[in-house]
Structures are given as structure tokens and as C-alpha cells.
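K.L.:
What follows is a structure written as C-alpha cells; I'll ask about it next.
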Amino acid sequence: MAFYVVQFLTGLASAASLFLVASGLSIIFGVTRIVNFAHGAFYMIGAYVAFTLTERLSGAFGFWGGIVVAAFAVALIGVIVEMVLLRRIYHAPELFQLLATFGLTLMVEDLVVLIWGPDDLVGRRAPGFRGAIDFFGQNIPSYDLFLIVLGPVVLGILWLLFQRTRWGVLVRAATQDRDMVAALGVNQKWLFTSVFAVGVFLAALGGALQIPRDAVHHAMDLRIIVEVFVVVVIGGLGSIIGAFVAAVLVSELNAFGILIFPKISIILVFLVMAAVLIVRPWGLFGKPEAPARKTPGLTVNPWRPLTSNERLAALAALVIAATLPLFAGNYALTVGSEIAIFVIFAVSLHFLMSVGGLASFGHAAYFGLGAYGVAFLAKMAGLPMIVCLLLGPLLGCMGAAVFGFFAVQLSGVYFAMLTLAFAQIVWSIAFQWVSVTGGDNGILGVWPSSWAASPSHFYWIALGVAALVTIALRAMVFSPFGYALRATRDSLLRTEAIGINAKRIQWTAFVIAGTTAGIGGALFAYLKGSVFPDNLGISLSVDALVMVLLGGVETVSGAVIGAIVYKALNIWLVSQTDLSKLVLGGFIVLIVVVFPKGIVGMLEMLAQRRKSTSPPGATLLAKPMGSAE
Amino acid sequence: MRARNIFVGAAFALLAGGMAHSALAQDIKIGEINSYSLLPAFTEPYRKGWQLAVEEINAAGGINGKKLVVVSKDDGGKPADAQTAANELVSSEGVAMLTGTFLSNIGLAVSDFANQKKVFFLAAEPLTDAVTWSKGNKYTFRLRPSNYMQAAMLVEAASKLPAKRWATIAPNYEYGQSAVAVFKKLMSEKRPDIQWVDEQWPPQGKIDAGPVVQAVAAANPEAILNVTFGADLVKLVREGNTRGLFKGREVVSFLTGEPEYLDPLKEETPAGWIVTGYPWYSIKTPEHDAFLKAYQAKYNDYPRLGSIVGYQTIKAAAAILAKAGSTDPEKLIAAAEGLSMPSPFGEITFRKIDHQSTLGAFVGKTALKDGKGVMVESVYRKGADYLPSDAEVEKLRPKD
Amino acid sequence: MSVAPPLLAVEGLTKSYGGIHAVRGVSFSLRAGEILALIGPNGAGKSTCFDMLNGQNRPDTGHVRLLGKDTTGKKPREIWRMGVGRTFQITATFATMTVRENVQVALISHEKQLFNLWGSAPNFDRGEAGRLLELVGMGGYADRPCGELAYGDLKRLELAVALANQPKLLLMDEPTAGMAPRERVELMRLTAQIAREKSIGVLFTEHDMDVVFEHADRIIVLNRGTLIAEGSPAEVRGNPQVQAVYLGEGLLYDAQHREGASA
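Residue numbers (this note's numbering), protein chains in the order written: chain A, 1 to 629; chain B, 1001 to 1400; chain C, 2001 to 2263.
This is the structure in C-alpha cells:
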């Protein structure tokens, strides 16, 4: 019995740190609607700064003072980030802020190594909480007891802050209805800044408090960020109580789950999230989001098919791209193939995201399933390449059909999180089911048949498929189905009132996007000759999001450019420098600030401006990127 | 469309980039790939090691009179990126061979690439047995003692313990799973009386140490096998110390004696764990002294195991190239098979049968000394003594 | 007078929320080509009643029949398929699409081409879309982005969209809310004209009594969830119970008028 009590208390202690970080994320999202990907980075900086301070300052006062000062210092960094970066992009399309915070995260991961060195740092134990307390023969670390108390205390303080102060009232009002607060004449800028500061403070505090139990290292952010998102979503976005309950739920399930299924912890949180979202689409304590009032500034430039001149130009560009093997070496061709494959991947997500308004955070699942589909067929069934390429993507299609059915029942961030959960579940299966998938070591030897093996032949295949896929999806945008899909994105109320079953339209789009991603994955398996769980991983899903956002989410085919620019830059940077994350992150942040509508979105705006006001000099400025009139 | 214009532009840029790098004809180039940005704690000492080797080789006149150049690439910890890098090294840089890699899956990916493109590959650090056995191929050699070898070394010591009730804690992925499987198999062969009472499989990098420690303690084992490492190990040790998990229990632990993993533990270092590792401070052989002196003189830092691996990888590559007198992969393979050479750990040989080097490891016990973790009672175990019989290896390895 | 079933027959609709009767036993009917106004003071149950007709809300008891077919409890999209077009109090249109595309989506749905992946949507029923837009006086706006339209134009667009499935019945929730007085008259005149020409039944709720009394053929009055009066504009105007309700609420027609104008 004592054992179960102690296991329960241990779970509560884990819940406390999770809650601190999650509550900060929840508050920030609730008010600013920013999906703050950098929240884990702030948590990590909190731990690093606290490490430095607690090593320098001696005694109990030095330790606890160091923890608190670190949290305040990082909150200050948060304020600077909010004012310098995020303020500029609140009006950018939804999720664009995600791109900015993603860029920041990349930068921070390299920066902490530059500042604090590459080694794992192990900090001091907390003065007064070094040992354990005996509980009927079981040991409970006294620091755990401290955390168990701290969780509800922080919850209480936040509750008082929200219920008893004017600031808190404003925050709650803004969480429910942002427009209303703006209408009340509240200085929205400072409300947002202060909310961001409080959220970052909580994250940094959560990180700083890990010092006595964890090692401080440069991958801490990734270790926590996904789990924190999950907790926030299970609890219900913007709900502090929800974050607390969800943190306890997840931690306790984990603490007891490992007693029965020791291997479960890797997917447990995602299973819980998927189950919660299917039963309660807004999380345990969340409320249905007020029907999104479309932000003004959303494309007033209706999409149109290419004119015949533009078609010729596109064809010409394709022909030029097809001549690459005449003068480029094998490496350039292989890179070209890889870029073409990522074009396929990006346009498939773009179709779902831009046309359907459904931002998937787990799109790599279908890319990876396509790749695994090919690997299974080629290695186990020994089928020839052409057959594998045709059938492999069907695995992506089936995955999308099953997961998509559940996912399209939700919308917005909840949709994003459910897709993430499904992707993680698929990833975990690939990662752990070693006897079938080879686990982490993947499936090797999936090389193309001899007719496709030479880099130039493979490049032509990849380029051809990429062109076909791009054209096909573009045609679909302007097909009756595409119109219906855009209609569901713009107004669910109206689509229902004109006889459209929106969920079925969205489901179909999901399956189309998933199958297309699977085609990309199938080619990728042959390009690399092997398949790994990475091909289904979160970082690949994030890559796809970044490519779409970079290209411009409001455009018809911006993802093509986004994929080319991002992938080419990525490959080049990884080849040139060990600090590729720092440079790439900096580039993304820059793009976000300079091109808030994405690269293609910006080009279109320039072209538009040039059309309306065309002083002789202006054309030169707009010319370099070669717009396609 | 614009898309394609930029596409072509990017291709041109890559092409131009490739040309700018073209090296002098008389140099011999080796391509090197590792997870520098993902695992700097391990790859920085590794890089220092191979840089020292390059310096020494060129100071001694290079390889058959030609200067040795190592072109190094980061793989970001992703197999797919490692292959892109391998491709660049082979296609654009024209390297004579590939070396490096740390993570098992990346080692396998590059090995498969080498096999497909018929390029010589000397895997430096990946531990998985598959590199030389089940997924082994003609073009791939490996330096570091494999998972199986480390397990066999540990089993030798562990089987002498009186403990009968064993629990295991391992990260839940291929490495952890196969480490536990090999250890259990070899252990049960020597000690049929052993019972396995609990196993914990925390996710790699995300251990929730409190509940894991608590669950292991509840099974009340007499001994524990640990396979976790890095930050997971730190958390496990801290929780285990606080909750008294290790009190009165034997612990056998993979790799924990390597400075990379032991040093961060500082005063938390648990005493008396049986570990494999690298006690650089207590190795008293002329070969190692020479290496240690050169390393400390150049970097004013002590070496980690990665330093040894990096150093010896390039030394081995140079020896193979020198013996082959050619960069032809087939000749390199012929030269490497059965080649013996000196190393800071004494003479090693690349076995013909499975292309595994006989580099060994130190087995000893952890201890706390002046607030730092050290290995004591360390003994060097030669790799050759911990490999299965040739007949078994034949069965494990696909025919070339 | 024919003996065919009425276009719309509502029988004993009842809906309550937590013990409070929002709508209680409401019955009425509507003939083809007839324009029927549903009025009542705030909280009378108009919206609840309306939502039960269009499928947003399911009645506790009672039936709605369209040309003799029971539509009770069907989803809005199913009711639309049975020939019911509708407009919203706050317009719901596809903001990122052009005016023509908005109509085309409705036509695509009507012709069951929603899952057609390969056709050309820009050319889909372009002529019919143009005719519908002409009909509501929006012919010149076909290529304008819907997000740029003035509110009155959005209302007209909604009417065009509502007519796309050649409906037998139009349900219009506060069709003139938020419009300038002159626009209101124009829109209702247009609606009446179309309804008569195409023999479409129209049921609308409305705050503006001028609009109601000028354009409705018949009026039904709800108060506290029950139907208190039904008849021609003249009959309803003279009904003492109706007067009492509006006076009792402290609202004169005049006051109603002003409130409607400023909404």
C-alpha cells in the first residue's frame, strides 16, 4: 500500500513541473493565440541561467535567489522577444507566429551550446531538500514534497491573479474574446506583453526548478515542449485548472502505467490526448472556441488559375529544371531530387492547410507511412520498384483515412494537436516495433531498380512526379471539389446551409493530402535507400509547416517556393556549418519579419502594388525575384 | 513559374559551391560525418581526437607522401541528412573513403549507402551489432567495440556476482533493447539460476526517473542492469540515490565509465557500479602516455573516449590507405582485412571475418574521488576475447 | 384553390430549455408564393422557432412538413436538399472567394458535383451564376472579392446563393438587419417579386414593422413561445392582443422602427 501512495506522490511531483510550464503556454495561447513553440526554449534558458546563478551564489539564499532571479531574467528576455519580434506579426495569418517561435527555438539550441558548452551540466541539490523522507519503508525525496506543494500554490496564486486583479479580468476576457478587449479600449499591446512575460516566467521557473533533479543540456526544450502542448490541449486551451488537472492525469497515468506496461510511457500522453479529444473536442476544461471572426487582411485577392502566359512560363521553368542533368554533377542532382520530393510533401500539406484551412502538425505521419509502405513491399514482398512506388503511398492513404476521420471532427489548434498525437503514435510504433520495422535502425537496402538508379534518372522521376503532383493539386484547387473545400474553410455555417457535408469534404481533402505526402515518402525511401522512424517524426512535420508558411499560406502554390528555399538552404547550411540551426533560425526569424505573408505572398503583394501604382523606378525593385506575368 | 526559376538558381548555387571546393590533386581526402550539432558533448572531443591524428600524420609525411585532408560534415542526428552528406563527400568532394558516425541508425544508413555506391566506410562509434553482423557488408568496417562485446565484458564480471534477482532499465529503442537482450542471453548461459524480476523501458531522453526508480525498487531485485546514458542517466542516478535504490544492490551499467557520461555526475556518482569505460587517468602504457601527452599539449584538456575513437579512426584510415597504396575501394578492403596497427589501447586488428576491430574497453568499478566520478580497479579487456566464434559470426553475417 | 398539401406545415412545435418553454405548441402553414412574416418581441421564441424549421435545432415535440414530407430533426444540409434556401441574420458568405464563386459553390452543391476533382470550377454553371446575380442586381459585382462587399450587397449575395437550388421555400432570418432604410425596401421588393414569379414561399423574421406590414401577405405573432395572432397585416395590426403585447413590452411600432433602423 505504502508503495502505491509513494508512486502517487512521485507522480504528483512530476506533475508540478509539467504544470508550471504548461500553464504559461496556456495563458499565452489563451490571450495572444500564439502557439509558442519557443516555450520549451524559455524553459531551457531558465534552467541554464539558474544553473549559472546557483553555482556562483552560495548558500540557501543563493540557491533559491538564483532560481527566482533566473525566472525573472528569462521573463525579461521574453518581453524583449515579444516587443521586438512578435508584435510585428500579430496580424499575420494564423500560425505564422509559430514559424517565428520555431526559428527562435532553433537559434536558442545552438546559442546555449555556444554560451554554456556542450556538456551536460548537473547543478546543486536544493538546500534543505537533499534527502528523502521515510514513508513506511519507502523513500520520498523531500524535493518531491516541495514540488507537490508548489504546484497547487502556483495554481492558487494564478487563480488569485486572474480573479482578483483588473489585469486578470482583462486576461480572462481576452481569452474568451480578443476582439472585445480591443473594443474596450484596453491597451492591447501591453496586455499581450505582460501576458507573454508571465507565461515565460512560469516556463523559466519550471526549468530552473529542474536543476536539483535533472541535467541541464541543450535538448531539454524538445524533451518538454511536445508533452507540454499535449497537457495544455488535454486540459483545454487557456484553462489553468485544466492544465493542472491534465498534468496530474498524465503524470499519474505514467507513474502507474509503467507498472503494468513498462513500455507504454513513450506514447501514453498521446493516447490520452487522442482519447480526450475524440470524446471532448475542446479538452477537459476548455470551451468551444468562439466562431473565428475572420481577421481582416485575409486574402482579399481571390485565387485564380494561371493565365496561359503564366502556364507557358511555368512549363519553361520546368523544362529548364529538367535540363539540370546536362550540366550538374551527381550531388547536385541528388539534392535536386530531394528538393523535388519535399516540394511534393509541402504542396500536400499546403493543400490541406491553405485550401482546407486545416493545419496539420503531424503531416509527416503520411509521408513516413508512404516510405514504410515502399520499404515493406520492397523488402518483405520483394516487389519491383514501379509496383512499390504505386502501392506504397496507399499506406499513407489508409493512415490518412483512419486518422483523418477523427481529426476533421475538430478544428483549429485542436485539429493540429490531434494530428500531432496520431503522428506520434505512428512514430512510436515504428520506433518500438523492432521486429517489424527494425525500430530505430530502420529498414535498409530499399534502393531503386537499375533503370532508375542513376542520379539523373532519379532526378527526372522526382521532378516529373513533383510537377505532376503540383499540377494535379492546383487543378483540384480550381475543381468543384476545391471550391467546396475552400467554402468549408471560409464558413462552416454557410456550407451546411447549402447542402454541403463539410466533414466529408474535409476528410476527403485529408485523404488526398495524406496520399500525396505518401507519394513523396515513397520516393524518399528510394532516394535514401532506407527508411527510419525519423521519416514520421515531429521535426519533419514541423519542416513541412515551415515550408508552407515560408512560401505563404494564403497563396495557391506558395509551398513550392517555400519547399525549395527552405530545403536548399537547409542542406547547404548543414553542409557548411555545425551552427546550421542558428543560421537557419535567424533566417526564418528574418523572413517572418520582412515577409509576413511568406515569400510568395510578399511577391504577389509587390506585383499587386506595382500594378496599381506604377512609377517607372518601382518596377526595378519588384523585378529581381522574377514574378510571373 | 517563379518556383522553377529559383529551383534552377538553387541548383546552380549548389553546383558552384561544389566546384569551389575542388582540392589539390596530390591530397588524399577522407570524408567524415558525425552528429556535431545534435551531440556536441560527444562529438567535440571526438573531433579534437581526429584533428590531432591528422596533424600527426601530416607531420610525419602524410600518406605515402601525400597530404591527408579530412572533410567533415554534420548530420544533425538524422540518417537522411547523413546520407546527403555522404553523397556530397563522395560525389562532389571525391573522398577516398567515408568515416565517422555516432548513432547506430546513422551508422547503418551510411553503411548501406557505402554498400550501394561501393565506397569504403570505416564506422567510428556506432555500437549496434547490425553494423558488422546482420546488416554487415563488404564495404563497412567498425572501430569501436560493439554492443555485444561490451555486454560480454560486463557479463564476465556480472556472472561472478552472487545476485540472482535481476532487474533491467534501458532506453526503449533498438540500442537499449538489443543491449538488454544480449546481456540476458549471455548471462543466462553462464548463470541459469538467474531470475529477471522487472524491466523498465523509459523513452530515450525522456525518462520519468522517480516512478521508474520506485517501480524497480518495488520488484526488490538484488542487482540491476542499466543501459540508460546521458541526461537520462543523470536523472536516474539522482533519483536512485535519493530514494536509496542502489543501496545494497549491485549495478552493472553499459558505458557509464566513459568520461562523457561519468563526469557530469560529479558528487552524485554512485560507488561500486560495474561499468565499461575509459579511465584515462589510470592507464599506464607507453602508447597511451604518448597519446595523452600529445592531446593535453594540444588542447589543454583531458581526453574522453570520443577523443580516442576519433584519433584512432583517422589513424586506422591512414594505415589502410597507406597499405593499399591506392584509393580504389576494393584495394582498400583488401588492405584493411586483417590489418593490425598500434593504438593508444595497444595493438588492434580489423578482423577479416566481420570487419570488426579488436579495440577493447576497460571494465572497472565506479568510485567517488574528490567530488568527481572515477573508474577504479579498471582492467583492459581486449576486443578479440569477447567476440563469438568464427562459426557463429559466419551465421550472423550475410554472405557478401 | 388546390387541395394539395401546403408548402410548409408546422404542427405543435415545442422546445424547452431547462424547464423554460422557449416555444410552445406553435402551428402554422405556408402556401407556395406566399410571404409570411414571423414577428414578436425580443425573447418571444422567434429564433428558436426559426432554427427548428431550418434544422439547426431539434424540437422536443411537434412536426415540420415540407410538401407533406417530414423534415423534423433533419440536418440543415438535408433540409436544403429538400428545397429550402436560407439567409442569415449576420451574413455568412465565403469571404476569400469572389461573388460569382460564392454562387458557384451553391450550384456545385445543387448539382451534386462536390466530389468532382477534375472539372473546372471557374467555368461551372457560369451562365446560371450570372443569371442569379443579375436577378438580385449584383451582376456587375461578379468578380469582386466577397470580403470587400458592403453589407447590403452581402445580403443580396446571400439571396442569390439561397436561390441557387431553385428552392420552394426561403427562410430569411432578419433579412434587412443592418441595412439602410432604402436598401431594405429594395431588398424586400426584390424578394417579393422573385417569390411571386417563381412561386416560392417565403418565411421571414423581422424587427422592422414597416418592412413587415408592407411586404408580408400574412403575419404570425409569437409571444412567450406561443402563437397569439395570425392573419393579414390589417388583421394583425388591429388585434388587441398584439397591441397589448407590444404596449406591455413598452414598445410601440414607432420604437420598434427606430430600434430596427439603428441595429
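Ideal Cβ positions, reconstructed from N, Cα and C, are used throughout, including at glycine.
From the DSSP output, in three-state form, read off C/M2082 for me.
P.N.:
Locating residue 2082 of chain C in the third sequence gives position 82, counting from the first residue. In this structure, C/M2082 counts as coil in the three-state DSSP scheme.
K.L.:
Give me the subset of the region 2113–2147 of chain C whose CB atoms are less than 7 Å from a CB atom of chain A, sorted by chain position.
P.N.:
Within the region 2113–2147 of chain C, the residues whose Cβ lies closer than 7 Å to some Cβ of chain A are Q2113, L2114, F2115, N2116, L2117, W2118, G2119, S2120, A2121, P2122, F2124, P2145 and G2147, listed in chain order.
K.L.:
What's the C-alpha gap between A/P325 and B/N1034?
P.N.:
Position 325 of the first sequence, counted from the start, is the residue given in the question as residue 325 of chain A. Position 34 of the second sequence, counted from the start, is the residue given in the question as residue 1034 of chain B. Those two C-alpha atoms are separated by around 29 Å.
K.L.:
Could you work out which residue in C/R2144, C/P2006, C/S2120 and C/G2073 is closest to A/F631 when comparing CA atoms only?
P.N.:
The structure shown has nothing for residue 631 of chain A, since chain A only spans 1 to 629.
K.L.:
So, for A/N535: in the same chain, excluding its five sequence neighbours on each side, which residues have a beta-carbon less than 6 Å away from its beta-carbon?
P.N.:
Here the question's residue 535 of chain A lines up with position 535 in the first sequence. G368 and A371, listed in sequence order.
K.L.:
Looking at chain C, which residues of the region 477–493 of chain A have a Cβ within less than 7 Å of any of its Cβ atoms?
P.N.:
So the close ones are F478, S479, P480, F481, G482, Y483, A484, R486, A487, D490, S491 and L493.
K.L.:
Taking 9 Å as the threshold (C-beta atoms), are B/Q1200 and B/A1170 in contact?
P.N.:
Your numbering for residue 1170 of chain B matches position 170 in the second sequence. Your numbering for residue 1200 of chain B matches position 200 in the second sequence. Contact flag set, yes.
K.L.:
Excluding the 5 residues flanking A/G40 on each side, which residues of the same chain have their C-beta closer than 6 Å to its C-beta?
P.N.:
Looking up residue 40 of chain A in the first sequence gives position 40. Cβ neighbours of A/G40 beyond the five flanking positions: D221, I224 and I225.
K.L.:
Run down chain E in chain order and give the residues with a C-beta less than 8 Å from the C-beta of A/E310.
P.N.:
Absence of chain E from the displayed structure is noted, the protein chains being A, B and C.
K.L.:
Looking at the strands, I want to know which residues DSSP matches up with A/N139.
P.N.:
Taking the first residue of the first sequence as 1, we reach residue 139 of chain A at position 139. According to DSSP, A/N139 bridges with A/D134.
K.L.:
A/E227: buried (16+ other C-beta within 10 angstroms of its C-beta) or exposed?
P.N.:
In the first sequence, the residue the question calls residue 227 of chain A occupies position 227. Flag for A/E227 reads buried.
K.L.:
I'd like the span of the alpha helix (DSSP H) that includes C/E2231, first residue to last.
P.N.:
Translated into positions along the third sequence, residue 2231 of chain C becomes position 231. Residue 2231 of chain C is actually Gly in this sequence, not Glu. It is not in any alpha helix (DSSP H) - C/G2231 instead sits in the beta strand (DSSP E) that spans T2226 to G2231.
K.L.:
Nearest CA to the CA of A/I320: which residue from A/T307, A/G336 and A/A22?
P.N.:
Stepping through the first sequence from its first residue, residue 320 of chain A is reached at position 320. For A/I320, the nearest C-alpha among the options comes from A/G336.
K.L.:
Say whether the region 1062–1081 of chain B touches the region 1305–1325 of chain B, bearing in mind that this needs 3 or more beta-carbon pairs closer than 8 Å, one atom from each stretch.
P.N.:
Contact between the region 1062–1081 of chain B and the region 1305–1325 of chain B is present, because at least three Cβ pairs lie under 8 Å.
K.L.:
Would a check of beta-carbon distances place B/R1397 closer than 9 Å to chain A?
P.N.:
Working through the second sequence from its first residue, we reach residue 1397 of chain B at position 397. No, no contact with chain A.
K.L.:
Fully enclosed by the region 1079–1144 of chain B, which beta strand (DSSP E) runs are 3 residues long or longer?
P.N.:
1097–1100, 1121–1123 and 1140–1142, all fully within the region 1079–1144 of chain B.
K.L.:
Are any of the Cβ atoms in chain C nearer than 9 Å to that of A/P305?
P.N.:
As a first step, residue 305 of chain A is located in the first sequence; it is residue number 305 there, counting from the start. So yes, A/P305 belongs to the interface.
K.L.:
I want to verify the contact list: residues of chain A whose CB lies under 7 Å from the CB of C/E2174, in sequence order.
P.N.:
Numbered from 1 along the third sequence, position 174 holds the residue referred to as residue 2174 of chain C. Correct list: empty, because the minimum Cβ distance to chain A is about 15 Å.
K.L.:
Which first and last residues belong to the beta strand (DSSP E) in which C/M2209 is found?
P.N.:
Numbered from 1 along the third sequence, position 209 holds the residue referred to as residue 2209 of chain C. From DSSP, C/M2209 is part of no beta strand (DSSP E) but of the alpha helix (DSSP H) over M2209 to H2215.
K.L.:
Specify the secondary structure class of B/Y1386 as computed by DSSP and reduced to three states.
P.N.:
Against the second sequence, residue 1386 of chain B aligns to sequence position 386. DSSP places B/Y1386 in helix when its eight states are reduced to three.
K.L.:
How is the alpha helix (DSSP H) around A/S23 delimited, first residue to last?
P.N.:
Numbered from 1 along the first sequence, position 23 holds the residue referred to as residue 23 of chain A. A2 to T32 is the span of the alpha helix (DSSP H), which, as asked, contains A/S23.
K.L.:
Identify the continuous alpha helix (DSSP H) that holds A/E227 and give its terminal residues.
P.N.:
For the purposes of this step, residue 227 of chain A is taken as residue 227 along the first sequence, with counting starting at 1. Note, A/E227: alpha helix (DSSP H), M220 to G235.
K.L.:
Could you check whether the Cβ of A/P288 sits closer than 9 Å to any Cβ belonging to chain C?
P.N.:
Looking up residue 288 of chain A in the first sequence gives position 288. No, because no Cβ of chain C sits closer than 9 Å to the Cβ of A/P288.
K.L.:
For chain A, is any of its Cβ atoms less than 9 Å away from the one on C/A2264?
P.N.:
With chain C covering only 2001 through 2263, there is no way to say anything about residue 2264 of chain C.
K.L.:
Report the residue from C/D2060, C/I2079 and C/V2026 whose alpha carbon sits nearest the alpha carbon of C/K2069.
P.N.:
The sequence position of residue 2069 of chain C within the third sequence is 69, counting from 1. Of the listed residues, the one whose Cα sits closest to C/K2069 is C/I2079.
K.L.:
Among A/V531, A/F532 and A/G598, which one has its Cα closest to the Cα of A/G551?
P.N.:
As a first step, residue 551 of chain A must be located in the first sequence, where it is residue number 551. Considering only alpha carbons, the answer is A/G598.
K.L.:
Distance, Cα to Cα, A/P296 vs C/L2187?
P.N.:
By one-based count along the first sequence, residue 296 of chain A stands at place 296. By one-based count along the third sequence, residue 2187 of chain C stands at place 187. Because A/P296 sits at a pLDDT of 38, beneath the cut-off of 50, its placement in the model cannot be relied upon, and the following sentence gives the value as read from the coordinates. C-alpha separation (whole angstroms): 27 Å.
K.L.:
Run through DSSP, which three-state label would B/K1323 get?
P.N.:
Along the second sequence, read from residue 1 onward, the residue named residue 1323 of chain B stands at position 323. B/K1323 falls in the helix class under three-state DSSP.
K.L.:
Round the Cβ separation of A/F42 and A/A204 to the nearest angstrom and send it over; I've been treating them as touching at under 8 Å.
P.N.:
As a position in the first sequence, residue 42 of chain A is number 42, starting the count at 1. As a position in the first sequence, residue 204 of chain A is number 204, starting the count at 1. Indeed, because the Cβ distance is near 5 Å, the residues count as touching under 8 Å.
K.L.:
Can you give the Cα-Cα distance for C/K2015 and C/T2048, rounded to whole angstroms?
P.N.:
Residue mapping note: residue 2015 of chain C aligns to position 15 of the third sequence, counting from 1. Residue mapping note: residue 2048 of chain C aligns to position 48 of the third sequence, counting from 1. Rounded to the nearest angstrom, the two C-alpha atoms are 8 Å apart.
K.L.:
What residues of chain A sit near B/D1301, judged by a beta carbon separation below 7 Å?
P.N.:
The sequence position of residue 1301 of chain B within the second sequence is 301, counting from 1. Residues of chain A passing the Cβ test: none, with the nearest at roughly 11 Å.
K.L.:
Any idea what DSSP makes of A/W427, helix, strand or coil?
P.N.:
Along the first sequence, one-based indexing puts residue 427 of chain A at 427. Three-state DSSP puts A/W427 in a helix.
K.L.:
Check whether chain A comes within 9 Å of C/R2224, counting only Cβ atoms and requiring the distance to be less than that.
P.N.:
Within the third sequence, residue 2224 of chain C is the residue found at index 224, counting from 1. Cβ-Cβ to chain A under 9 Å: no for C/R2224.
K.L.:
In this structure, does DSSP put C/R2100 in helix, strand or coil?
P.N.:
Position 100 of the third sequence holds residue 2100 of chain C. In this structure, C/R2100 counts as helix in the three-state DSSP scheme.
K.L.:
According to DSSP, simplified to helix, strand and coil, what is A/L85?
P.N.:
If you number the first sequence from 1, residue 85 of chain A lands on position 85. Residue state, collapsed to three classes: coil.
K.L.:
Rounded to whole angstroms, what is the Cα-Cα separation between A/S530 and B/E1392?
P.N.:
For the purposes of this step, residue 530 of chain A is taken as the residue at position 530 of the first sequence. For the purposes of this step, residue 1392 of chain B is taken as the residue at position 392 of the second sequence. Near 27 Å, if we compare the C-alpha coordinates of B/E1392 and A/S530.
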